[in-house]
Structure formats: C-alpha cells, structure tokens
Amino acid sequence: MAKDFTTRVEDYSQWYNELVVKADLADHSAVRGCMVIKPYGYAIWEKIQAQLDKMFKETGHVNAYFPLLIPKSYLSKEADHVEGFAKECAVVTHYRLKNAEDGSGVIVDPEAKLEEELIIRPTSETIIWNTYRGWIQSYRDLPLLINQWANVVRWEMRTRLFLRTAEFLWQEGHTAHASKEEAIEESEKMLDVYATFAETFMAMPVIKGVKTKNERFAGALETYCVEALMQDGKALQAGTSHFLGQNFAKAFDVKFANKEGKQDYVWATSWGVSTRLMGALIMTHSDDEGLVLPPNLAPIQVVIIPIYKGQEQLEEISKQALKIKSEIETKGISVKYDDRDTQKPGFKFAEYEFKGVPVRIAIGPRDLENGTIEVARRDTKEKETLQQQDIATKIEHLLKNIQSNLYQKAIDFRSENIHKADSWEEFEKLLDQGGFISAHWDGTPETEEKIKELTKATIRCIPLNNKQETGKCILTNNPSTQRVLFARAY
RNA sequence: CGGGGUGUAGCGUAGCCCGGUAUCGCGCCUGCUUUGGGAGCAGGAGGUCGUCAGUUCGAAUCUGGCCACCCCGACCA
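Under numbering that gives the first Met the number 0, the residues of the first sequence are numbered 0 to 489, in order.
1. Is the region 287 to 300 touching the region 211 to 231, taking contact as three or more C-beta pairs under 8 Å?
2. Identify, in the order they occur along the chain, each residue of the same chain with its Cβ nearer than 8 Å to the Cβ of His27, setting aside the five sequence neighbours on each side.
3. Using 8 Å as the threshold, is the region 67 to 85 in touch with the region 116 to 123, meaning 3 or more CB pairs across them?
4. In terms of residues, what are the limits of the beta strand (DSSP E) holding Ala256?
5. Does the region 191 to 209 come close enough to the region 298 to 315 that 3 or more CB-CB pairs lie under 8 Å?
6. If we call anything under 9 Å between Cβ atoms a contact, is Ala175 one with Leu143?
7. How close, in whole Å, do the beta carbons of Ala391 and Ile473 come, if the pair is a contact with beta carbons under 8 Å?
8. Asn476 by DSSP, collapsed to three states: which one?
9. Can you give me the start and stop residues for the beta strand (DSSP E) that Phe532 sits inside?
10. Grouping DSSP H, G and I as helix and E and B as strand, with all else coil, what is Gly260?
11. Between the alpha carbons of Lys46 and His93, how many angstroms are there, rounded?
12. Of all the options Leu367, Glu314 and Ile304, which has the alpha carbon lying nearest to the alpha carbon of Gln342?
13. Cβ atoms of Ile436 and Gly363: under 9 Å apart, would you say?
14. Going by alpha carbons, who is nearest to Phe426 out of Leu405, Gly370 and Ile458?
15. Leaving out the 5 sequence neighbours to the left and right, which residues in its chain are closer than 8 Å to Ile323 when beta-carbon positions are compared?
16. Comparing C-alpha positions only, which one of Gly331, Asn416, Ala267 and Met189 sits nearest to Tyr131?
17. Alpha carbon to alpha carbon, how far is Asp263 from Leu160? Give it in angstroms, no decimals.
18. Can you tell me where the beta strand (DSSP E) holding Trp266 begins and where it ends?
19. Residues bridged to Trp134 by DSSP?
20. DSSP three-state call for Thr371: helix, strand or coil?
21. Am I right that Thr222 and Val209 are in contact with their C-beta atoms under 8 Å? What's the rounded C-beta distance?
22. Applying the criterion that 16 or more other CB atoms from any shown protein chain within 10 Å of the CB defines a buried residue, is Gly133 buried or exposed?
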C-alpha cells in the first residue's frame, strides 16, 4: 500500500502538484482552498463528466443551467436547508468598484450597495425550485428530470484539495414527480447510476446505503449515498442522492393539478457528484510512483515512446510507431505518440507513470529488427516484449485486464478492511486499524453523536437491504435490530 | 474562531542563538557528449531575505507591530 501517498492527497506534491493540480492559486486568504485544475487533470474530469452525462441521458434526464447568484431571501424559505448552508455562504453585497480618493487603488463603492444581497450558490435547490414553480401546473408537466453541470462555492472552515475545496465542480440533478413512490424510485435509480459508474468506470467498489438523520442532507427526508474506502483506511462519501419529499415544493409553492383535478405539492429529488470523485480516484488506486488511472477513464490510454539515436533512426522508428498507433486507434483506444526530442526515454517513462497512463509501448531499433515492441502496464509495472502482429487486439485485451485487475484489487482491499465489532473494546481497536466496522447501534442520534465524540468515527451508512438481526448497541447495550457501518471519514 | 508552527530565487532549503550584504539541491538558459528507466561535463542567468518601524556605523540575523500561509480542532460533498 502506498502509505505516504494516500494519507493526505495534497502531500504528494512532487508529482501531484506539478501535474494534476495546483492549490496555491494566490497568496490570498479569500481564494485559499480553491483549486486550479491543470489541463491533464481536467481531461480526467472531462472523461468522468462525459460518461456520467451519457448515463443521465440514458435515464431520461436533460441538462439545463441556472444562475450562479441567488437572492438571499430564497435561501431562507426552507428551514433545514438554511441551517445547513447559511454558515458557509459567500455573499455579494455590492455591484461596483471605484478608484480610492487617496490613490491607493480600487475600493468598493459604498453607493453601490445591493438592496438585497446575493449569495453564491452552495447548491441550487432554492433557485431551481423557485423556477420550477412557473414550469409545473399539471401532472402532465411531470416528471421533470433536469441535471445541471456547474460550479458551487462553500466557504468551508477547512479545505482539503479535491476532497473539500471552497469552489468545486459538480453536477446536480433536480427532479420533480407526481407521487412519493416515483420520487423515491428516482433517488434510488440515480444512486444505482452512481454505483455503476464508480464500479465500472472508476474501478472503485462502493457500498450503497442510507444516511442516518444526523448525516442527512439539509432539507432531505432521506439521503442515499455510496461510500468508498480509501487506501489509508478512511471512508469517503462518493455520491449522494436525496429524497426531498415535499419540503421544497412547499417552501417554494410548487403545486400541480393531479388526475383528479386536485392541487397537490410535487415530490422532489436531488443528487450529485463532484470533483471529489477525482480525489477518490487518486486515493483508491495510486501508488508512490504517482497516479494509476483505470483505462476506462484515462485521457491517454496508451503512450508510445520511441528509442533512437539520431534523426535518421527516429524517422524510421516513427514510421513504424505511427502505423502501430493508427492500428490501435481503430479499436477506439486513445494513443499518444511522444516523439519529443527534448526529453530522454527514461524521463518519459517516469513522466507517464506518474500521469497514470495504463499502457506504455516502447519501440527502438532492436524491435524494428525483430518485429516486436515492449509493452509495460502501469498497474503491476510488468513489462513484456510482444510480436507486432495483432497488436491492437492484444492491447485491447490488456486494457480490459488492467481495468478488472484494478477493480479486483480495490475490492479485495475493501473485503480485508470490513470487520464486525461486538464490544466497545473491539470497536476501538478496529477503528485504529482503519476500514469499515459493522456494528450494532441503538438507532438514536445521541448515541451516534457520543460515538463520534469519543472516536471521531461516524456512521457512514445503513446499507441498503441490510440484514436484520437482534443485537446490543456497541456503546449503550440497548437493543438493536441491525448492524450499521462505522468508519473514520474524510 | 481557539492551540501550535512557518515566511530567504520558480520549488525545496542552510544561515538567525553569537549582526559585517546570502548556502546548497532541483528546475531554467548555452555548448559538447549522450538516448532500451528520471543523463554527464563545462559555463551562465535568477534574491526589495513576508511587510512596516525601531536599535546599530552596519540587520536575513536583535526588538515591536502588522500581513500571509501551513498543521491540529470545531464545520463539511
């Protein structure tokens, strides 16, 4: 396990800071915790985005865009929602600057104070539901299935690169339904989309579950989540899907005429995943040599590096390399041929390793003679020399193999790190080892809070379709009907 | 907001106790040799020592104020 690297993502600055993201945007406290995503890192986000977007559309959703700035009053309409977000909102109070009279630079023009302050969205429920009021009159307008790709800002007291930045990119789905059952079904369906995405594309196993009341989204009746386990033994919430009941419909007065002609409030869901997924990706697979990307999300799946002496030999090798490149590309695989003359092969090898490129091909004079190439895989770092014929098929299989190997490795790691605890002593001991702990809980928020205070562990989720069994709460010994999953989390 | 720490070249640092105009590594530039795992040699460029004030003939170094950032906690996707 890559100890040094997974504990705190931002520590691996050597490769991470230079190539994926740079955090120190400016020497200014106002932007602390914001992130600059460099082109290579952004390419990974684009892959995530493209795949999720496809899955949303396959489940009947369409994209739309709502404003960044939200009138302050909107936020106060749903009581729980305000309480959840009020403490971390950036507020726009003025609309103009002017030159300072003493020539010291620009200042905020006090004349330009806004009558009503605007907040920068921490999430868009309020402005979207305010808009939906005008869009929904009849059951014929339902369901309304909309997704938004956007940035949001949450002024967190403490930030962590990728996992909790002040500004982050995400998608938020907001749907409206005619019945409670349909809305619940929708939130469960989207949870499934997230789980499928995590497992199939990110090669990251997740546990589907529901949050306890304490951990629920502000304003939701039920919060579903997918929880993943990072290499350092900490849990990470990878995505959430909320059943909002009629809370927002009531707060924003969104009513529709049902088939019987009666007015009723609509039922809502919202669901989202963010650039946190990139943190999850890094912390699930990477090692001390850098990123390890699952082929299904790697912007570059195969890199070809020529080994040569002199211009003449390079031309000869390039001819063959480009032939192999286009052959592999016929399988829909993305291939980069790196014939830069400014770096040596050894340097390039290392560079693509920390960029996480799944497969590297080296081709030199020796290969030209023998009709071979050297193929190296990032996940196991194994190298082998292959004949050039059928190379596209061989690479295609190799990529599939890497994808499933990464998933298997992650799932094995997780199985090794889920334990049952039946006493408080055992619970505490297991916690220090990291991982999920399956234990009985009496179902009260007070007990949950107490356990958090004592151990910093939280209930990550109550798994869906959880086995019912009688037991005693790990802390209070009160009767319990099921085990829940505890962990220390990011 | 509480507790701790740090500010010296693009990055990472030495020097500070004991005052005399700044050290080393990476990176960058030039040239030659190299190229199957992060090249070698030679030469070179780059610094208001966070900031303001004080002490002093003289301050990166001593004193005081301010600013910024990092870590730990409270909060959280």
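Glycine included, each C-beta is placed from N, C-alpha and C at the ideal position.
Looking at the atomic coordinates:
1. no
2. Below a pLDDT of 50, predicted positions are generally treated as unreliable, and His27, at 47, falls in that range; no measurement from the model is reported.
3. yes
4. Lys254 to Ala256
5. Result no; under three Cβ-Cβ pairs closer than 8 Å.
6. yes
7. No, Ala391 and Ile473 are not in contact; Cβ-Cβ is about 55 Å, not under 8 Å.
8. Of the three classes helix, strand and coil, the one that applies to Asn476 here is coil, per DSSP.
9. Shown here, the chain extends from 0 to 489; a query on residue 532 therefore has no answer.
10. Looking at Gly260 - three-state DSSP - the assignment turns out to be coil, as it is neither helix nor strand.
11. Cα atoms of Lys46 and His93: separation of roughly 38 Å, rounded to the nearest angstrom.
12. When only C-alpha atoms are compared, the closest one is Ile304.
13. no
14. Ile458
15. Ile303, Ile360, Ile362, Ile372, Gln387 and Ile390
16. If we check each option's Cα against that of Tyr131, Ala267 comes out closest.
17. In this structure, the CA atom of Leu160 is about 44 Å from the CA atom of Asp263.
18. Trp266 to Ser273
19. DSSP output for Trp134 lists no bridge partner at all.
20. In the three-state DSSP reduction, Thr371 falls in the strand class (E or B).
21. 7 Å
22. exposed
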